[in-house]
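Take 10 as the starting number for the sequence shown in my numbering and just add one per residue.
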Amino acid sequence: PTNRQRNILFLGDSITHGSDASYPSQSYGNLVTDFFDARSLSQAIGGDYFLADNLDPNLPFIPNCVVVAYGTNDWSLGRLRDDTNARAYLDKLTAIYPTQPIFLLLPIWRQEETETRFGMTLQQVRDLLAALGKEYANVHVVDCKNFVPWLPAFFKDEKLHPNEMGYIHYANKVIRAMEEVL
């Protein structure tokens, strides 16, 4: 056991879960955790999206900060035609953690970037989430669109899920954004 300096809670989808990382220790969440000498709890679920019912107000893990990364599945499934689901999620999350910094990571680039799904592009989803996040005093919006190079070589599946090189780029930029606040 180690005596870590802080606790970080990660909430998100397959990318936060570390899907497609050959070495889970190289996922962005684990790299961020190690950098900040933290303990972490990842409640990331592949295919997940903004769903307030997934938040546990009685979680026996008290984070110093929270990292939230949803949006790409919400876009794919048409769950962000407006901000209702994301707003309900952030309302509940900020009620559970009213003083902790919450980092709202906007979706990274994906190959289908310019497609319109359910009337929205992924950039419109980012814009919607950025505007929403700014309404909360302890939510820090982080635009991650350019955090992983837009080249198939940085994605395990060549389009969506980063590989180890992609996760390193992602983690380094998330760390910089978090350092500005922490």
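Just so it is clear, CB atoms sit at the ideal spot from N, CA and C, and this is done for glycine as well.
Item, Value
"Local conformation of Leu68 per DSSP, three classes", "coil"
"Alpha-carbon to alpha-carbon, Leu138 and Asn188", "In the sequence as presented, Asn is not what sits at residue 188; that position holds Glu. Whole-angstrom Cα-Cα distance: 21 Å."
"Validate contact between the stretch 171-183 and the stretch 30-47 using beta carbons, cut 8 Å, 3 pairs", "yes"
"Three CB pairs or more closer than 8 Å across the stretch 138-147 and the stretch 161-173", "no"
"C-alpha distance - Asp152 paired with Phe112, whole-angstrom precision", "10 Å"
"Cβ neighbours of Tyr98 in the same chain (closer than 6 Å, five flanking residues each side left out)", "Phe59, Ala61"
"Beta-carbon proximity list for Gln35, same chain, < 6 Å, skipping 5 on both sides", "Glu173, Tyr176"
"From Gly27, Pro33, Glu124, Asp166, residue whose alpha carbon lies closest to that of Gly87", "Glu124"
"Cβ-Cβ distance between Ile71 and Ser49 below 7 Å", "no"
"Expected contact under 8 Å - CB spacing of Arg15 and Phe45 to nearest Å", "6 Å"
"Three-state secondary structure assigned by DSSP to Gly175", "helix"
"Proximal residues to Arg119 (C-beta, below 8 Å), its chain only, five neighbours per side dropped", "Thr81, Leu131, Lys168, Leu169"
"Proximity winner among Ala47, Ser51, Leu20, relative to Pro33 (alpha-carbon distances)", "Ser51"
"Paired residues, beta bridge with Ala78 - DSSP", "Gly21"
"Contacting residues, own chain, Cβ-Cβ under 6 Å from Val134 (five flanking each side not counted)", "Gly80, Trp84, Leu89"
"Distance between Phe127 and Arg13 (C-alpha atoms, nearest Å)", "44 Å"
"With 16 other Cβ atoms within 10 Å as the buried cut-off, status of Ile91", "Position check: residue 91 holds Asp in this sequence, whereas Ile was assumed. Exposed is the call here."
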